[in-house]
Amino acid sequence: MADEQTPTPAPEPPPEGASTPPVVEGSAAPAPPAKAESAETAPAERSATAKPAGDAADKPAKKAKPEKKKKKKGLPEKELVLVGSSSPHVVSDETIPRIMYAVCIALAPAILVGIYCFGLQAVKVLLLTAAACIATEAGLQRLMGRKITVIDGSALVTGLLLAMTLPPSAPWWICTIGGMLAIGVGKQLFGGLAHNPFNPALISRVILLISWPVELTTWMKPGQGFANLGVDVVTAATPLGLMKEELIQKGSIHVVSQFHLMDGLFGLNQLGSLGETSVIALLVGGIFLFYRGYITWHIPVGYVTAVGAVAALFWGIDPSRFAPPAYHLMTGGLFLGAIYMATDMVTCPVTNRGMLIFGIGCGILTYFIRTFGSYPEGVSFAIVIINGAVPLIERWVRPRTYGHNLSAAS
Amino acid sequence: MKLSQVLTQGLWKENPVLRMTLGMCPVLGVSTSGSDAFGMGVATLSVLVASNLVVSLVKDFIPAQVRIPAYILVIATLVTAVDMSMAAWFFELHKTLGLFIPLIVVNCIILGRAEGFAAKNSVFSSIIDGLGMGVGFTLAITTLGCCRELLGNGSIFGLSLVGADFKPMLLMVLPPGAFLMLGFLAAGMRRVDMTLEARSRAAAEVRRKRALDLATGGAPLPVPPGFE
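Read top to bottom, the protein sequences are chains A and B. Residue numbering for the first sequence follows my numbering, starting at 12 and increasing by one per position. Residue numbering for the second sequence follows my numbering, starting at -9 and increasing by one per position.
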């Protein structure tokens, strides 16, 4: 009724409305027929077709008719007003900060385990890296004269993720430079949030690993307490590092027999990066993210399954040279990468099929880098490489537009 | 085009490396240290000047259909000469640069200048063009080499500039470092250009205002009717 009561003068009463029988019937309504028609038909007609008036006299009426008829039966004609607005039509209350801080919460269990295992060292690495990321983001945005958006938490997430991939004994300058590289090179160079083709934290980790291999592969033993900050940490090799060493030196692996599954699951007695040791803690956070709908199962399941399957295949061929699947699954940064890194909304494919392919690709590549590459761990390299292949995957799995056949769509 | 323009355009405005991104193979390949990069730059510079000279000398006698093979032949001859003289007099440098010296033959800066400039211009201006472009190439690749050496090795031209605590960033002397640093240099150059542009625009605005003041005697311009 709103339209009739406030008589908005329609610029030109469309001729087709006047000539359409159902509308004339509709004049049973209290309002003057001409006004009602124009208010009802004008938006619908205009949005439907832009044809010469004479031609449109009968044709667009067909489109407008069914709607009107339906509504005429039960409801008054105020329901007929079509509001033309541009997308988005559906608005959810999800915002970037909400998602980012949810990711922070999801990371909390693994971070707590890391702090419990590695003490103040871990706290130092976490704080420094996160602070470096946030400061770089704010500084660069200010430098470029853009809106400063550090409050959205994406830089914090990048910082935490990067810190979790670093060795707990990483010196302060590794953390600082790492944070600057992650945001500067990995994110802002490409245009900021959602424009980066590669995961910023992983790009930074890869640069750090290639540039300072010694600092990035010195692993402190867990459980050295909170008093030990700095100089005298006891270090040792990670399970994957041990495996690679043995494979190169002896041609066969024995370290596997000393490995306890529980160490890998709970990560309290395992060497590795700050946040990657406890599979259980990572899974808890992953389930939280899954429950909130921020990640789907495709990438993590595809990733982990692919690593397990390829590992099982090679283990079946020669158990003396290749580690069993459980060893590959429970060591290294597989779960950290599969749940939190590969699923980064910006750098993974958008379709479910694409995400599955993405995860499987990451898994296969991870196994091959671990087993045949020169680095003991391949998760970060694998994800960054497959990140680069995302446009190709997207092309491959592009959904068919309704009404088009496949050959026309591609 | 004026000769001074011919000489200077290769240095900045049409810098073969940072503006036209030509000859990327040696630029990325041998810029791991300042001295290697400088050697490469000078070798390219000498070939470029000589090839521009020869091409502009013979340009009228080469049928248009076979000009590219003919230019390549000229360039290959000159590169062979440079290669041999470097082996004779700069043996160490020759050893480090290795295959990259014969590869100057296919450096597209040289063919590009032969085709794009020497084939259409007089002998003298072709030499000047070769000089300008060559110096521009040398400067760019040497800057790149120095930056990469400083970050990746802590030294410039082999002179260590940092203390023992400095942990060099190994990535910078590896191939990805070349790409990263090249991008940063090109971006920095563009940034300088943008700053200069903005400054000259501001200066022009000041000049315009001053001229306006002079014309109107400092009084504000009369507002045309209907614009109040």
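We put the beta carbon where it would ideally sit given N, CA and C, even for glycine.
Nearest chain A C-beta to residue i closer than 8 Å, yes or no?
i       : result
M179(B) : no
M123(B) : no
M159(B) : yes
L1(B)   : no
L164(B) : yes
Checking contacts by CB at 8 Å: is residue i closer than that to chain B?
i       : result
P26(A)  : Note on P26(A): pLDDT 45, under 50, position unreliable in the model; the coordinate value appears next. Judged by the 8 Å Cβ criterion, P26(A) is not in contact with chain B.
W223(A) : yes
I218(A) : yes
A59(A)  : Confidence is the limiting factor: at A59(A) the pLDDT is only 43, short of 50, which leaves the residue's position unreliable and the question unanswerable from this model.
K81(A)  : Bear in mind that the predicted position of K81(A) carries a pLDDT of just 46, short of 50, making it too unreliable to give a figure here.
Within 10 angstroms of its Cβ, does residue i collect 16 or more other Cβ (buried), or is it exposed?
i        : result
S38(A)   : In this prediction, S38(A) scores a pLDDT of 40, lower than 50, which makes its location untrustworthy; the coordinate-derived value is nonetheless stated afterwards. Classification for S38(A): exposed.
V72(B)   : buried
Y413(A)  : exposed
L118(A)  : buried
V101(A)  : exposed
P233(A)  : buried
K81(A)   : For K81(A), the predicted structure reports a pLDDT of 46, less than 50, and the residue's modelled location is therefore unreliable. A value from the coordinates is still provided. Per the 10 Å Cβ criterion, exposed.
I99(B)   : buried
Q260(A)  : exposed
D274(A)  : buried
G0(B)    : buried
Y378(A)  : buried
A56(B)   : Correcting the residue identity first, residue 56(B) is Val in this sequence and not Ala. By the 10 Å Cβ count, V56(B) comes out exposed.
F290(B)  : Look at the range of chain B in this structure, -9 to 218, and you will see that residue 290(B) is not part of it.
H339(A)  : buried
R381(A)  : buried
K135(A)  : buried
R138(B)  : buried
Q(-5)(B) : exposed
S21(B)   : buried
Could you give the residue range of the alpha helix (DSSP H) that holds residue i?
i       : result
I221(A) : P211 to S222
G275(A) : L272 to F277
T412(A) : First-last for T412(A): undefined, no H or E at that position.
I94(B)  : Unbroken run through I94(B): none, as it is neither H nor E.
A119(A) : I107 to F129
S190(B) : P165 to T206
M5(A)   : Lying outside 12 to 421, the shown extent of chain A, residue 5(A) is not represented and no answer is given.
N256(A) : Just to set this straight, residue 256(A) is Glu in the shown sequence, not Asn. Where E256(A) is concerned, the enclosing alpha helix (DSSP H) stretches over P250 to K261.
N111(B) : Taken as a continuous stretch (DSSP letters only), N111(B) belongs to no alpha helix (DSSP H), as it is neither H nor E.
T377(A) : N363 to F383
F325(A) : H309 to I328
D26(B)  : G24 to V48
Beta carbon of residue i, beta carbon of residue j: below 8 Å?
i       : j       : result
A393(A) : L376(A) : yes
L83(B)  : M76(B)  : yes
N398(A) : T354(A) : no
L35(B)  : F107(B) : no
S180(A) : T246(A) : yes
I310(A) : M366(A) : yes
L282(A) : T229(A) : no
L8(B)   : M179(B) : yes
L177(A) : C186(A) : yes
G372(A) : A334(A) : no
R364(A) : A113(A) : no
P208(A) : A193(A) : no
Can you tell which of the options has its C-alpha closest to the C-alpha of residue i?
i        : options                               : result
P108(A)  : G278(A), E256(A) and T160(A)          : T160(A)
G135(B)  : Q(-5)(B), G31(B) and F114(B)          : G31(B)
T106(A)  : P387(A), I162(A) and A141(A)          : I162(A)
F270(A)  : M231(A), M341(A), I404(A) and I145(A) : M341(A)
I62(B)   : S25(B), G207(B) and V37(B)            : V37(B)
S391(A)  : G319(A), W308(A) and S284(A)          : S284(A)
M123(B)  : G173(B), K(-8)(B), M(-9)(B) and P6(B) : P6(B)
C15(B)   : R200(B), L172(B), E187(B) and V182(B) : L172(B)
F51(B)   : G142(B), A154(B) and K110(B)          : K110(B)
L345(A)  : G313(A), L200(A) and I306(A)          : G313(A)
V44(B)   : R198(B), S25(B) and S112(B)           : S112(B)
L18(B)   : T132(B), L47(B), I117(B) and F114(B)  : T132(B)
I221(A)  : A201(B), M159(B), E195(B) and L170(B) : M159(B)
I214(A)  : W407(A), M352(A) and G384(A)          : M352(A)
F147(B)  : V163(B), S25(B), E4(B) and F80(B)     : S25(B)
G170(A)  : R153(A), L154(A) and E148(A)          : E148(A)
T(-2)(B) : F169(B), G144(B) and D119(B)          : D119(B)
P410(A)  : V361(A), L93(A), L131(A) and G370(A)  : V361(A)
At a cut-off of 7 Å, is residue i close to the ligand MN when judged by its beta-carbon and the heavy atoms of the ligand?
i       : result
A349(A) : The ligand content of the structure shown is nil, which means the ligand MN is not present either.
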